[in-house]
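*Asks:* Just dropping this structure here.
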Amino acid sequence: MDTDTRTGSGSGITCRHTEDGTHLTLWGEVDAALRESASDAMATLAGRPAPLPITLDARDVTFIDSSGIAFILQVYMLGQETGAPVSLIEPSEAVSEVLEMVGMGGRIPVVSAAEAAG
């Protein structure tokens with residue numbers, strides 16, 4: 001099951017499954033207003049075949065608060081629990097700075113868009 005929460009608001013989360021893994025895209029202001037979208041994406045992730053790779057594309061995130069970082073960390077922890085590798089595709093400065101602040105900088109592997117595309 002794929003979830004696409006593009007609401008036209010300029011912010012959102014999508015979750016897309018392929019044969020090679022699951023690709024999550026976050027964009028705009030990732031905050032508490034996207035709580036329902038984040039919950040839907042997590043439910044989709046939890047029901048997928050593990051341990052296929054999970055990529056988080058956070059290149060277009062302009063702002064992220066604690067709830068957005070919590071979502072990224074939940075995805076990372078799900079990967080740790082299921083053995084699915086999790087990587088961030090070139091996270092925006094907003095995401096990188098907050099991950100550094102919470103002591104997670106460098107913990108989630110960062111890949112280029114070309115690497116993620118295979």
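Position 102 (the sequence shown) corresponds to 102 in full-length UniProt numbering; numbering is contiguous. Glycine included, every Cβ here is placed at the ideal spot set by N, Cα and C. On a predicted model such as this, the values are computed, not experimentally measured, just so you know.
1) TYR76 to GLY10, Cα distance in whole Å?
2) Does GLU29 come out as helix, strand or coil in the three-state DSSP assignment?
3) Work out the CA separation of ALA58 and GLU115 for me, nearest whole Å.
4) Can you tell me which residues form a DSSP beta bridge with residue 179?
5) From GLY12, ILE13, THR14 and THR18, pick the residue whose C-alpha is nearest to that of GLY118; which is it?
6) Around the Cβ of ALA46, are there at least 16 other Cβ atoms within 10 angstroms (buried) or fewer (exposed)?
7) Please return the same chain residues whose Cβ sits closer than 7 Å to the Cβ of ALA113, not counting the five positions on each side in sequence.
8) With a threshold of 8 Å on Cβ separation, who are the neighbours of GLY105 within its own chain once the five nearest residues in sequence on each side are excluded?
9) For ARG35, report the span of its alpha helix (DSSP H) as first-last.
10) Output the distance between the C-alpha atoms of LEU73 and THR22, rounded to the nearest integer angstrom.
11) ASP65 bridges to which residues according to DSSP?
12) Under 8 Å by Cβ, that's how I've got CYS15 and ALA41 pegged, so tell me the actual separation to the nearest angstrom.
*Replies:* Result, derived from the coordinates:
1) Between TYR76 and GLY10, the C-alpha separation is close to 25 Å.
2) Residue state, collapsed to three classes: strand.
3) Between GLU115 and ALA58, the C-alpha separation is close to 15 Å.
4) This structure does not reach residue 179, given that the chain is present from 1 up to 118, and the question cannot be answered.
5) The residue with the shortest Cα to Cα distance from GLY118 is THR18.
6) ALA46 comes out exposed.
7) Within the same chain, ILE89 and GLU90 come within 7 Å of ALA113 by CB-CB distance, once the 5 residues on both sides are set aside.
8) Closer than 8 Å at the Cβ level, and outside the excluded window around GLY105, lie SER96 and LEU99.
9) 35 to 46 is the span of the alpha helix (DSSP H), which, as asked, contains ARG35.
10) Cα to Cα, LEU73 sits roughly 16 Å from THR22.
11) The partner list for ASP65 (beta bridge, DSSP) is empty, contrary to what the question assumes.
12) That pair is a contact at about 4 Å.
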